[in-house]
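Residue numbers (the numbering used here), protein chains in the order written: chain A, 6 to 239; chain B, 2 to 194.
First the structure, in the form of structure tokens, and then the observations on it.
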Amino acid sequence: MTTDNHELDLLPAYALGSLDEADAQRVAGHLAACPHCRAELLAFQQVSDELALAVPQVAPPPVLKKKLMDRVRPRPAQFSWVQRVLGWQRPRARQVWASASLALIAILAVSNLLLWFRFNELKNQTLPQVVALQGTHLTPGATGVFVIGADGYSGTLVVNGLSPLDETHQYQLWLIQDGRRTSGGVFSVSEKGYGTIPVVSGQPFDVYQAVGITIEPAGGSPGPTGDKVMGGDL
Amino acid sequence: MDYNKLDDDTLIRLVARSQSEALSVLYDRYSRLVYSVAMTIIDDPSVADEITQDAFVRLWENAAAFRPELGKLTTWLTGITRNRAIDVFRRRKIRPEGHAISWEDALPEEMSDGSNVEQEVELAHRQAKVRRAVAQLPDEQRSALALAYFRGYAHQQIADTLGEPLGTVKTRIRLAMQKLREILKSENEIIAG
Numbered sequence: 006m007t008t009d010n011h012e013l014d015l016l017p018a019y020a021l022g023s024l025d026e027a028d029a030q031r032v033a034g035h036l037a038a039c040p041h042c043r044a045e046l047l048a049f050q051q052v053s054d055e056l057a058l059a060v061p062q063v064a065p066p067p068v069l070k071k072k073l074m075d076r077v078r079p080r081p082a083q084f085s086w087v088q089r090v091l092g093w094q095r096p097r098a099r100q101v102w103a104s105a106s107l108a109l110i111a112i113l114a115v116s117n118l119l120l121w122f123r124f125n126e127l128k129n130q131t132l133p134q135v136v137a138l139q140g141t142h143l144t145p146g147a148t149g150v151f152v153i154g155a156d157g158y159s160g161t162l163v164v165n166g167l168s169p170l171d172e173t174h175q176y177q178l179w180l181i182q183d184g185r186r187t188s189g190g191v192f193s194v195s196e197k198g199y200g201t202i203p204v205v206s207g208q209p210f211d212v213y214q215a216v217g218i219t220i221e222p223a224g225g226s227p228g229p230t231g232d233k234v235m236g237g238d239l
Numbered sequence: 002m003d004y005n006k007l008d009d010d011t012l013i014r015l016v017a018r019s020q021s022e023a024l025s026v027l028y029d030r031y032s033r034l035v036y037s038v039a040m041t042i043i044d045d046p047s048v049a050d051e052i053t054q055d056a057f058v059r060l061w062e063n064a065a066a067f068r069p070e071l072g073k074l075t076t077w078l079t080g081i082t083r084n085r086a087i088d089v090f091r092r093r094k095i096r097p098e099g100h101a102i103s104w105e106d107a108l109p110e111e112m113s114d115g116s117n118v119e120q121e122v123e124l125a126h127r128q129a130k131v132r133r134a135v136a137q138l139p140d141e142q143r144s145a146l147a148l149a150y151f152r153g154y155a156h157q158q159i160a161d162t163l164g165e166p167l168g169t170v171k172t173r174i175r176l177a178m179q180k181l182r183e184i185l186k187s188e189n190e191i192i193a194g
């Protein structure tokens, strides 16, 4: 229900994540442009955050702490001569190599996919579809491509320039058909803003008119609830 | 250094420097809360074990990125625990009647094991405040709120589960949250005053 051009009645349920998809989308769109509703939402979000304190208390088994500490206790590092040459014993160097490796893997994955498309193109004269994605006003420097495989049911999303999110949030891809959003998967990006995920659809991608990416709680949402950061028409 | 005397923010900074003793203290402080959230949602001790461990491992691995000015550690821990547990609940397709969900009415005992008394008392006060607030809600609002919070259900699913009209469920959720907001706000003002 809209009250004086605001969405005040729906904000409590939005904070709980219990709005149906259409309402959640409408509220998300309104919030992007309404500081008053954003402030109201923050107040209800604080209520929602505190609700965990009202659960019946159950003590974890004592052995659980030992299991946790065994998982996190640092082990003495054993580095090969190759790792020492690469500076692997330094955390920063490991991060750089990890980012470089991730980027290389993504490039190789896309290259392989494109090679595979090329092979199929030559074999079946079927062209792959490569859709360019653009960042929104929140992410003007972000870019991406969505490559749809020759079978029409599988594809790969590659994004660049998105900000890494905190641990409680992930990006979520949405496939949009007649206004309905179907999740295409959740993903995170590297420190340099690079990310890629394979996308498999239960129906051919040509039934969808567009794709969008939003910020959602880690693990994803049933429908979009966060800010849209990228999109493109199929 | 006696880690037990340190506040959460200091301990998180030490966790970010791979001080496992700091994580051990935070675990002692909040594992009961985290485990309780997981058990309330999923009602399976082995899964609750795994979710609790994962929550603290994520804290161990991401403490450097934690920004206390954006929220309390308890909010961060219970948030990722709730999301993960609801995700498991959905994947398992557990029937709604599979186990009962409820709010705790009893007030927490303010007991100290000799660690950081200030932090324990603060948590106990917050728990008591929220439980008093939830206890003031009518039963039908508490039930609808529990399905939204512990199940992650949308309005229509709550209406189907309770056998109530959609509009009634929407109203109950809205009124419950508005009343909780008012009660918590007035309690905060009383404490501040």
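Beta carbons are placed, not taken as given, at the ideal position from N, Cα and C, and that holds for glycine.
Predicted, not measured: the structure shown is a model, and the values here were computed from it.
A check of alpha carbon separations from A:Gln62 across B:Ala64, B:Arg175 and B:Tyr31 identifies B:Tyr31 as the nearest.
Linking A:Ala59 to A:Glu196 through their CA atoms gives a straight-line distance of about 37 Å. Contact between A:Ile153 and A:Phe210 holds, with the beta-carbon distance rounding to 5 Å and staying under 8 Å. For A:Asn10, there is no enclosing alpha helix (DSSP H), as DSSP gives it neither H nor E. In the structure shown, the three-state DSSP call for A:Pro17 is helix.
No Cβ-Cβ contact shorter than 8 Å links A:Ala57 with B:Arg33. For A:Met235, no alpha helix (DSSP H) run applies; the uninterrupted beta strand (DSSP E) run containing it begins and ends at Lys233 to Asp238, by DSSP. At least one CB atom of chain A sits nearer than 8 Å to the CB of B:Ser32. With respect to chain A, the C-beta atom of B:Thr76 has a partner C-beta closer than 8 Å. Sequence-distant Cβ neighbours of A:Ala20 in its own chain, meaning closer than 8 Å and more than five residues away, are Leu46, Phe49, Gln50, Val52 and Ser53.
Under DSSP, A:Ala137 shares a beta bridge with A:Val150. B:Phe67 is a Cβ neighbour of B:Trp77, given a cutoff of 8 Å. In the displayed model, B:Leu148 falls within a helix according to three-state DSSP. Below 8 Å, enough C-beta pairs join the stretch 159-177 of chain A and the stretch 208-225 of chain A to call them touching: three or more. Contacts between B:Val58 and chain A, judged by CB atoms closer than 8 Å, involve Leu73, Arg76 and Val77 in chain order.
In the displayed model, B:Tyr31 falls within a helix according to three-state DSSP. Note on the stretch 162-197 of chain A: whole beta strand (DSSP E) runs with a minimum of 3 residues are 174-182 and 185-192, in chain order. Going by beta carbons, B:Ser187 and A:Met74 fall outside the 8 Å limit.
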